[in-house]
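Trainee: In our numbering, the protein residues as written are 48 to 98. From the three backbone atoms N, C-alpha and C, an ideal C-beta is built for every residue, glycine too. Note that the structure is a prediction, hence the values are computed from the model and not measured.
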C-alpha cells in the first residue's frame, strides 16, 4: 500500500480507516462476531492485495 498514484498535477496515496461507533457506545463486536469480522476483513484485504 506504499504505492503512490500520480496524475499530471498531483501525487496521492489513498488509505482507509474503519471506525465502529454504534448508538450508545454498546459493544457490538464481541466473541464470534468479532472473530468472523476479522476473518472477512483479512480475506478481502488478501483478495485486493493489501495488508
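In whole angstroms, what is the alpha-carbon distance linking residue 62 and residue 92?
Mentor: One C-alpha to the other measures close to 12 angstroms.
Trainee: Kindly identify the DSSP beta-bridge partner or partners of residue 58.
Mentor: Per DSSP, 53.
Trainee: Could you round the C-beta distance between residue 76 and residue 88 to whole angstroms and report it? I think they count as a contact, below 8 angstroms.
Mentor: About 11 angstroms; that fails the 8 angstroms criterion.
Trainee: Is residue 85 near the ligand SAH, with its Cβ less than 6 angstroms from a heavy atom?
Mentor: Annotation note on the ligand SAH: not contained in the displayed structure, which lists no ligands.
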